[in-house]
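For the sequence shown, the residue numbers in the working numbering are 4 to 771.
From the three backbone atoms N, C-alpha and C, an ideal C-beta is built for every residue, glycine too.
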Amino acid sequence: MEKRIRRMIGWVVDHPWITVALVGAISLIFAAFIPQMETEQDFKEFLPNDDPAVRAMEEAEDRYGAQIFSLIAIEVDDTVFKTSTLQKIKEMEELFTDIEGVEEVQSPLSAQVITGTEAAILVGPAAKGEQVPETPEDLAEFQERVMGSRMLKGRLVSEDGQATAIMVKLDPRLSTTKMQEIAKEITGIAKEYESPERIYLAGGSFEALEAQKMMMRDLWVLIPLAIVVIIAVLYLSFRSRRGIIIPLLVVLLSVIWAVGTMAICGVPFTPISIIIPVILLAIGSADGIHILNRYYEEASKGNSSKREIVVETMIDMFSPVVMTSLTTAAGFMALLSSFLIPQREFGVFTTIGILAAMVLSLTLVPALLSLIKLPAEGKKKEWQLEHNLFSRGLSKLGTAVYRHRAWVLGIALIVLATSLVGVPKLRLETEMSQFMGEDSPIAKTMDVMEEHFGGAMQMGIEIDTGTRDRLKDPATLAKIVELEEFLESQAHISSPSSIADLVREMNQKFHGDDPAYYVIPKDRRLVSQLLLLFTFQGGSLGSMALGDFSAGEVFARMGGIEGTRDIKQLVETVQTYLDENFAEGGVKARMVGITQVSVSLLNRLVASQATSLGTSTVAVWVIVSLLMGSFVAGMISMVPLILTIAINFGFMAYTGRPLDIATIMIGSIVIGIGIDYAIHFQSRFRLEFARDENPDPAKALERTMRTSGRGITYNAITVGLGFAVLVFSSTGGMGAFGSLVASAMVISAISALTVIPALLATWKPKFL
Numbered sequence: 004m005e006k007r008i009r010r011m012i013g014w015v016v017d018h019p020w021i022t023v024a025l026v027g028a029i030s031l032i033f034a035a036f037i038p039q040m041e042t043e044q045d046f047k048e049f050l051p052n053d054d055p056a057v058r059a060m061e062e063a064e065d066r067y068g069a070q071i072f073s074l075i076a077i078e079v080d081d082t083v084f085k086t087s088t089l090q091k092i093k094e095m096e097e098l099f100t101d102i103e104g105v106e107e108v109q110s111p112l113s114a115q116v117i118t119g120t121e122a123a124i125l126v127g128p129a130a131k132g133e134q135v136p137e138t139p140e141d142l143a144e145f146q147e148r149v150m151g152s153r154m155l156k157g158r159l160v161s162e163d164g165q166a167t168a169i170m171v172k173l174d175p176r177l178s179t180t181k182m183q184e185i186a187k188e189i190t191g192i193a194k195e196y197e198s199p200e201r202i203y204l205a206g207g208s209f210e211a212l213e214a215q216k217m218m219m220r221d222l223w224v225l226i227p228l229a230i231v232v233i234i235a236v237l238y239l240s241f242r243s244r245r246g247i248i249i250p251l252l253v254v255l256l257s258v259i260w261a262v263g264t265m266a267i268c269g270v271p272f273t274p275i276s277i278i279i280p281v282i283l284l285a286i287g288s289a290d291g292i293h294i295l296n297r298y299y300e301e302a303s304k305g306n307s308s309k310r311e312i313v314v315e316t317m318i319d320m321f322s323p324v325v326m327t328s329l330t331t332a333a334g335f336m337a338l339l340s341s342f343l344i345p346q347r348e349f350g351v352f353t354t355i356g357i358l359a360a361m362v363l364s365l366t367l368v369p370a371l372l373s374l375i376k377l378p379a380e381g382k383k384k385e386w387q388l389e390h391n392l393f394s395r396g397l398s399k400l401g402t403a404v405y406r407h408r409a410w411v412l413g414i415a416l417i418v419l420a421t422s423l424v425g426v427p428k429l430r431l432e433t434e435m436s437q438f439m440g441e442d443s444p445i446a447k448t449m450d451v452m453e454e455h456f457g458g459a460m461q462m463g464i465e466i467d468t469g470t471r472d473r474l475k476d477p478a479t480l481a482k483i484v485e486l487e488e489f490l491e492s493q494a495h496i497s498s499p500s501s502i503a504d505l506v507r508e509m510n511q512k513f514h515g516d517d518p519a520y521y522v523i524p525k526d527r528r529l530v531s532q533l534l535l536l537f538t539f540q541g542g543s544l545g546s547m548a549l550g551d552f553s554a555g556e557v558f559a560r561m562g563g564i565e566g567t568r569d570i571k572q573l574v575e576t577v578q579t580y581l582d583e584n585f586a587e588g589g590v591k592a593r594m595v596g597i598t599q600v601s602v603s604l605l606n607r608l609v610a611s612q613a614t615s616l617g618t619s620t621v622a623v624w625v626i627v628s629l630l631m632g633s634f635v636a637g638m639i640s641m642v643p644l645i646l647t648i649a650i651n652f653g654f655m656a657y658t659g660r661p662l663d664i665a666t667i668m669i670g671s672i673v674i675g676i677g678i679d680y681a682i683h684f685q686s687r688f689r690l691e692f693a694r695d696e697n698p699d700p701a702k703a704l705e706r707t708m709r710t711s712g713r714g715i716t717y718n719a720i721t722v723g724l725g726f727a728v729l730v731f732s733s734t735g736g737m738g739a740f741g742s743l744v745a746s747a748m749v750i751s752a753i754s755a756l757t758v759i760p761a762l763l764a765t766w767k768p769k770f771l
């Protein structure tokens, strides 16, 4: 095997220009596809199509139309019932209606209002002729019609009259790209009408658009920042141009190969995969750092030719580079077991980038090293001096660990136990507004919608009788009224609406607007007549009922939600009510819409995390065991990783930080990246231990700390700082993810440099 590796390295070193040309050509091909990259922020697209919640939502969209409404909220300091504000609303409504792909637009001017006397019932827009009222008398009449409608007050106009909303329903069959184009167009129109009115945009399409803006901002800010950080660390590590340029070139090309592959496969950037370039910049330099560290070590001896130095460096580093790359790849590939599509994509294409960095490290690096001169004598002495100073510190650490190994292991056990005690307190979070952060425009819009309209989140429930016209049955309508009363009794739910509300309001108007008649008529024929009268006068039932009155939907708003945990509790409470009250009689009720999708995501995250973590742990253990020829070596390698993961999750639990769609991947990432430190340390320790005729663990540990300890330390600093760049992300969730992974890298390196030598010195396993 070594002969084949030597031949391959020898060919690369002897034909450097051919190697560079091939790498350049391949990189140009991948780079040509990158401009085709798109983004995807639709929450529904993150889940598999066979997910029950997704399937239920799509079925509801087929039957009733869009299940997620976009709301354009207009807020003023005094009242919206003035000509200037209403004129803006009318103009915006007309412009929104003209946009291709918009199914329905409703504002206080066009919304249906039911008026009536004992002689007649009229159904028509709140504003007569949908024209803006101009005189004080007309404005007063318009305000009375709107605020007197139970269907509009508190739903489309706030109860204090200081805010109103335009509701826009998009064709649910539109592609995500088209929906974002419409959202962008609506946003542009709304901006033209701001001031003094304040306009807020709420709904899935606007959240996706805002997420896209934040993602693109992160790309333009975080990647250059990561490059600057890596250059700084490489300079401090090697203080030479080759020490900066060569590792940096490897990571930049690995990013191009990975992102180019995404573009070729038609896979878009998501809020998770958008950080792939930053992660590859952080971890892709690891192999280059270890190779150059060994290269300078060989060059400092001064007794070999350039070719011999490069070849021997690569021969020594070939196995560790391959091992660390494969184990890191295994950690990320374990994310394929996740049910969440963005996590799978993140795992696959990060793996491709890691393997690309491995190939480039084993080919491009030796080719470039063979093309440049050996370090000057001054550089060699400078490197030796720094190496000796830093190494002496690491040697002292190794000596202390060896002498106090029992204390080291005891402290590690105490920290592990303390961390594990906190893990059950971890909470999960899948709400996009929470992930984006409290200061994001999305979160601010949610606050405004909650203040004036009870919230921007929607809960949908489908009532399916399975029989034509059964929604007209007073008994069925009475059950719907009971459901609405139950919903309103819940702390975080408000403004439920359904066909039952329409029937009650029609009945009240039919009886001279007497509030006592805001009830469901007991006579089915009267219900039918009221609904017939409503539709004959141009009234639209929308999603309240199908054309055959066999099924319809109940909608409500949710507010005061702290996160997914509150949503989950609400959904479980409502589902229990539905199970108990709609189990018999042939009338079925089920929850549909984005709320149910969010809870489905939450329920599956825990199982997904356990599977991914278990898969990555086993995969990495097996790979390390096979490559090192010992299952015991594999087990020892896993100890600092398990300790790091426990500390990470324990810290999150004790500080109240949630597991979200990003932070839930930390375990697999720690295993994938952190295993490098364990492999490099054990490989070098075994080499140093076998070097002496009478093996001495203390001496082997001292030499290992002086050599591999330096590479591990610089690697951990580089990777940690690379991830720390994510704290400057536009999204709060990604910032938390970056800081946690950065901390985990440092903890993992410290564990590898303390716990592993303590175990090896205490246990003295046979594989040494």
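Opposing strand residues paired with residue i [DSSP bridges]
| i | result |
| --- | --- |
| Leu412 | Looking at the DSSP assignment, Leu412 forms no beta bridge with any residue, so it has no partner. |
| Pro128 | Gln115 |
| Thr42 | Phe272 |
| Gly555 | Ile466 |
| Lys591 | Asp467 |
| Met170 | Leu74 and Gln109 |
| Ile560 | The question names Ile, yet the displayed sequence has Arg at residue 560. DSSP lists Gln461 and Ser497 as partners of Arg560. |
| Arg201 | Glu78 |
| Leu662 | Leu431 |
Among the options, nearest to residue i - alpha-carbon criterion
| i | options | result |
| --- | --- | --- |
| Val325 | Gln493, Glu348, Asp290 and Met655 | Asp290 |
| Glu1 | Phe552, Ile8, Pro38 and His495 | The chain is shown only over 4 to 771; residue 1 falls outside these bounds and no answer can be derived. |
| Arg310 | Gly670, Gly13 and Arg706 | Gly13 |
| Glu839 | Glu487, His455, Ala459 and Leu533 | Residue 839 falls outside the range modelled here, since the chain spans only 4 to 771, and no answer is possible. |
| Ile750 | Leu608, Ala719 and Ala727 | Ala719 |
| Ile672 | Ala285, Ser161, Gly425 and Ile312 | Ala285 |
Outcome for residue i when other beta-carbon atoms lying within 10 angstroms are tallied against a minimum of 16
| i | result |
| --- | --- |
| Ser178 | exposed |
| Pro334 | Looking at the sequence itself, residue 334 is Gly, so the reference to Pro does not match. Gly334 comes out buried. |
| Ala752 | buried |
| Thr421 | exposed |
| Glu147 | exposed |
| Glu97 | exposed |
| Gly541 | exposed |
| Asn651 | buried |
| Ser754 | buried |
For residue i, the three-state DSSP class (helix, strand or coil)
| i | result |
| --- | --- |
| Tyr521 | coil |
| Glu508 | helix |
| Met265 | helix |
| Met154 | coil |
| Val728 | helix |
| Val160 | strand |
| Ala478 | helix |
| Leu544 | coil |
| Thr343 | At residue 343 the sequence reads Leu, which differs from the Thr that was named. Here Leu343 sits in coil by DSSP. |
| Ala755 | helix |
| Leu549 | coil |
| His407 | coil |
| Thr776 | No answer is possible for residue 776: the residues shown for the chain start at 4 and end at 771. |
| Gln572 | helix |
| Asp290 | helix |
Residues near residue i by beta carbon distance below 8 Å, same chain, minus five either side
| i | result |
| --- | --- |
| Thr666 | Met655, Arg660, Gly736, Ala739, Phe740 and Leu743 |
| Ile156 | Rather than Ile, the amino acid found at residue 156 in this sequence is Lys. Correct list, in chain order: Val149, Met150 and Glu162. |
| Val253 | Gly287, Ser288, Asp290, Gly291, Ala360, Leu363, Ser364, Leu367 and Val368 |
| Leu412 | Val758, Ala761, Leu762 and Thr765 |
6 Å Cβ shell around residue i - same chain, five flanking residues per side excluded
| i | result |
| --- | --- |
| Ser733 | Met217, Arg220 and Asp221 |
| Ala503 | Leu480, Ile483 and Val484 |
| Met641 | Trp624 |
| Met460 | Met561 |
Neighbourhood of residue i by C-beta, 7 Å cutoff - its chain only, sequence neighbours within 5 removed
| i | result |
| --- | --- |
| Arg687 | Thr707, Thr710 and Ser711 |
| Asp516 | Gly119 |
| Gly263 | Phe33, Ala34, Phe36 and Ile37 |
Residue-chain proximity (residue i, chain D), Cβ-Cβ < 8 Å
| i | result |
| --- | --- |
| Ala168 | Annotation note: the requested chain D is absent from the structure, which comprises a single protein chain. |
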